[in-house]
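The opening position of the sequence shown corresponds to residue 1 in full-length UniProt numbering, with each subsequent residue numbered one higher.
Even for Gly, the Cβ is constructed at its ideal location relative to N, Cα and C.
Source: prediction; values computed, not measured.
Have a look at the structure below before the remarks.
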Amino acid sequence: MKQVCVLGNGQLGRMLRQAGEPLGIAVWPVGLDAEPEAVPFHQSVITAEIERWPETALTRELARHNAFVNRDVFPIIADRLTQKQLFDKLGLATAPWQLLSDKSEWNDVFAMLGDLAIVKRRVGGYDGRGQWRLRANDTAELPDDCYGECIVEQGINFSGEVSLVGARGHDGRTVFYPLTHNLHQDGILRTSVAFPHANADQQAQAEDMLSAIMHELGYVGVMAMECFITPSGLLINELAPRVHNSGHWTQNGASISQFELHLRAITDLPLPQPVVNSPSVMINLIGTDLNYDWLKLPLVHLHWYDKEVRAGRKVGHL
1 MKQVCVLGNG
11 QLGRMLRQAG
21 EPLGIAVWPV
31 GLDAEPEAVP
41 FHQSVITAEI
51 ERWPETALTR
61 ELARHNAFVN
71 RDVFPIIADR
81 LTQKQLFDKL
91 GLATAPWQLL
101 SDKSEWNDVF
111 AMLGDLAIVK
121 RRVGGYDGRG
131 QWRLRANDTA
141 ELPDDCYGEC
151 IVEQGINFSG
161 EVSLVGARGH
171 DGRTVFYPLT
181 HNLHQDGILR
191 TSVAFPHANA
201 DQQAQAEDML
211 SAIMHELGYV
221 GVMAMECFIT
231 PSGLLINELA
241 PRVHNSGHWT
251 QNGASISQFE
261 LHLRAITDLP
271 LPQPVVNSPS
281 VMINLIGTDL
291 NYDWLKLPLV
301 HLHWYDKEVR
311 AGRKVGHL
């Protein structure tokens with residue numbers, strides 16, 4: 001039996017474990033503070049459900065493990081500065097940007113990027129946290145500790161947001177799902193919609209860009225790429241070196257879910273092109289109690305994470 005150890009024991013690790021059972025793959029999601037002696041990682045392939053983690057006894061041990069897939073890729077993608085530098089190196093379309101080092105740079109920032117600046121912390125931040133939309137009169141709102149630790153991007157006039165979820169195998173083969181259209185509110189993903197046949201030009205551009213990234217990094221497994229739709233084509237927003245919220249629809253809407261696809265890739269199992277025959281909609285359940293009335297709706301599948309319900313917290317999806 002193949003074994004996989006997942007660094008992190010949140011809902012993504014849980015869904016990886018569920019996907020491994022039919023394949024005979026034992027998947028062990030583990031918390032960052034677990035004692036190394038209690039984790040069966042020695043004979044396991046190591047993966048992660050998160051991009052960055054604090055140094056603990058377990059993470060120090062895993063960092064030395066030669067079966068930690070993509071171990072050296074995570075730090076590159078976890079830092080938005082090195083992410084952007086990667087896009088520029090590969091000549092991939094992304095919003096104009098620069099490192100924000102000092103308060104004295106604001107005049108130059110607005111001269112180069114225009115009236116609206118999007119400031120993002122280099123590391124951390126998700127679901128809209130650690131980001132600011134600033135105009136020239138708003139810069140005093142930015143915390144002092146951001147300088148040197150943030151990038152600033154041009155505010156983009158876009159008509160929509162899409163993500164591409166794909167996977168690369170150890171042999172370099174890549175497969176992709178159709179582009180997913182995403183709706184965010186207050187920086188949090190609310191809904192994802194996927195169709196069997198995406199816009200052909202957008203799909204081709206997205207696949208070319210994500211392929212270039214995965215090949216350059218020697219990445220193995222599932223990766224997600226978020227993009228803005230603009231009149232001139234797609235602009236890359238950010239990457240996620242893991243299974244991704246916008247790919248959850250694949251659990252019930254594709255022949256192979258993103259979770260199974262990731263496990264197949266990292267354990268060197270066959271990696272066929274997933275088949276998608278019908279449209280799918282994924283709705284995040286955020287800060288809401290469990291309600292089985294959802295199941296009265298035809299074709300609805302409930303995925304409940306069994307987490308404490310808190311305002312703004314993702315606790316499941318439909």
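Taking 7 Å as the cut-off, the beta carbon of residue 169 is found closer than this to the beta carbon of residue 271. Residue state for residue 87 is assigned as helix, using DSSP reduced to three classes. A distance below 7 Å between beta-carbons, with the five flanking residues on each side excluded, links residue 20 to the following residues of its chain, in chain order: 4, 26, 27 and 263.
Contact between residue 78 and residue 123 holds: their C-beta atoms lie close to 6 Å from each other, under 8 Å. A contact is defined here as three or more CB-CB pairs under 8 Å, and the stretch 90–105 fails this definition with respect to the stretch 52–72.
Here the C-alpha atom of residue 158 lies approximately 46 Å from the C-alpha atom of residue 35.
Rounded to whole angstroms, the gap between the alpha carbons of residue 193 and residue 37 is 43 Å. With respect to residue 317, residue 244 sits apart: the two C-beta atoms are not nearer than 7 Å. Here the stretch 41–53 makes contact with the stretch 6–22; the two share three or more CB pairs at distances below 8 Å. Exposed is the label assigned to residue 288, since fewer than 16 other Cβ atoms lie within 10 Å of its Cβ.
Taking a C-beta distance under 7 Å as the contact criterion, residue 164 and residue 225 qualify as a contact pair. Separation of residue 128 and residue 109 (C-alpha to C-alpha, rounded to the nearest whole angstrom) is 22 Å. Between residue 42 and residue 23, the alpha-carbon positions lie close to 20 Å from each other. Pairing residue 189 with residue 150 gives a Cβ-Cβ distance that is not under 7 Å. Residue nearest to residue 103 within the set 141, 86 and 133 is 141 (criterion: CA-CA distance). According to the DSSP assignment, residue 184 belongs to the beta strand (DSSP E) that extends over 180–185. Counting C-beta atoms within 10 angstroms of its own C-beta, residue 232 has fewer than 16 neighbours from the protein chains shown and is therefore classed as exposed. Listed as beta-bridge partners of residue 38 by DSSP are no residues whatsoever. Residue pairing for residue 282: DSSP places it in a beta bridge opposite 192. Looking at 57, 60 and 202, the one whose alpha-carbon comes closest to that of residue 234 is 202. At a Cβ-Cβ threshold of 7 Å, residue 252 and residue 301 count as neighbours. Setting aside the 5 residues that flank it on each side, residue 259 is surrounded in the same chain by 15, 16, 19 and 243, each with a C-beta closer than 6 Å to its C-beta; the list follows chain order. Bridge pairing for residue 234: 229 [DSSP]. Straight-line spacing of the CA atoms in residue 115 and residue 139 works out to 12 Å.
The residue from 119, 155, 167 and 53 with its alpha-carbon nearest to that of residue 145 is 119. The three-state secondary structure of residue 82, taken from DSSP, is helix.
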